Amino acid sequence: MLAALVAGGPVPEGFDAERIRVQSVALAAKRREGVLRALPVLATALGDRWPRTFMEWARTHPKPAVGGSRADAVAFAKYLKARGELPEAVEAALSPAPPDPPQPPRRPGFVQRVRSRLRRNPVGWDPEARYCSD
Numbered sequence: 184m185l186a187a188l189v190a191g192g193p194v195p196e197g198f199d200a201e202r203i204r205v206q207s208v209a210l211a212a213k214r215r216e217g218v219l220r221a222l223p224v225l226a227t228a229l230g231d232r233w234p235r236t237f238m239e240w241a242r243t244h245p246k247p248a249v250g251g252s253r254a255d256a257v258a259f260a261k262y263l264k265a266r267g268e269l270p271e272a273v274e275a276a277l278s279p280a281p282p283d284p285p286q287p288p289r290r291p292g293f294v295q296r297v298r299s300r301l302r303r304n305p306v307g308w309d310p311e312a313r314y315c316s317d
């Protein structure tokens, strides 16, 4: 059943093929919206071809098990690249970003400063101190 819904597999016996097809299209459309949010440059670069091309691909390729919509977008982009249809703008968006420059060490916050001072000047009960006279 799952293969029929998400990967273009055969409809199991006893199920309405038209209902399965409609649900399959709905699930692919939901994936399309997730990919659109994850990588909008993909839809922009493909223009009018975007919805049709993605839907054709999604009906026969299940969503990756990990990585969510971003992984789905990357898988679709790899498919387009293999066919020679990946726009350069998308390829640039998929390339890994350069690492962030190293940040200077952060100044300790209020809690850390208080803890540091308390370690230097412990507050608490001193068994040697005499607080009341006998």
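Everything in the sequence shown is counted per the working numbering, starting at 184 for the first residue and increasing by one.
For glycine and all other residues, C-beta sits at the position ideal for the given N, C-alpha and C.
As the structure is a computational prediction, the values presented were derived from the model and not from experiment.
Residue i vs residue j beta-carbon contact at 7 angstroms
i	j	result
Ala273	Ala209	Per the sequence shown, residue 273 should be read as Val rather than Ala. No. Outside cutoff.
Ala256	Val224	no
Gly192	Ala200	no
Arg253	Ala221	yes
Residue i to residue j span [Cα, whole Å]
i	j	result
Pro284	Val194	53 angstroms
Ser316	Arg302	In this predicted model, Ser316 has a pLDDT of only 48, less than 50, meaning its place in the structure is not dependable; the value taken from the coordinates is given anyway. For Ser316 and Arg302, the distance between alpha carbons rounds to 30 angstroms.
Ala226	Ala190	22 angstroms
Ala258	Arg266	13 angstroms
His244	Arg215	12 angstroms
Glu219	Pro282	In the sequence on display, residue 219 carries Leu and not Glu. Their backbone Cα atoms lie some 25 angstroms apart in a straight line.
Ala241	Arg300	60 angstroms
Arg289	Glu239	50 angstroms
Lys246	Lys264	18 angstroms
Glu196	Gly230	39 angstroms
Ser207	Ala248	18 angstroms
Arg204	Gln286	52 angstroms
Ser278	Leu269	13 angstroms
Three-state secondary structure (DSSP) of residue i
i	result
Ala234	According to the sequence as given, residue 234 is Pro; it is not Ala. If DSSP states are grouped into helix, strand and coil, Pro234 belongs with the helices.
Gln295	helix
Gln286	coil
Leu188	helix
Val194	coil
Leu222	coil
Asp317	Low confidence applies to Asp317: its pLDDT is 45, below 50, so where it sits in the model is not reliable enough to give any reading.
Point to revise | Ranges of the alpha helix (DSSP H) found wholly within the segment 237-282, counting only runs of at least 4 | key: 251-265, 271-277
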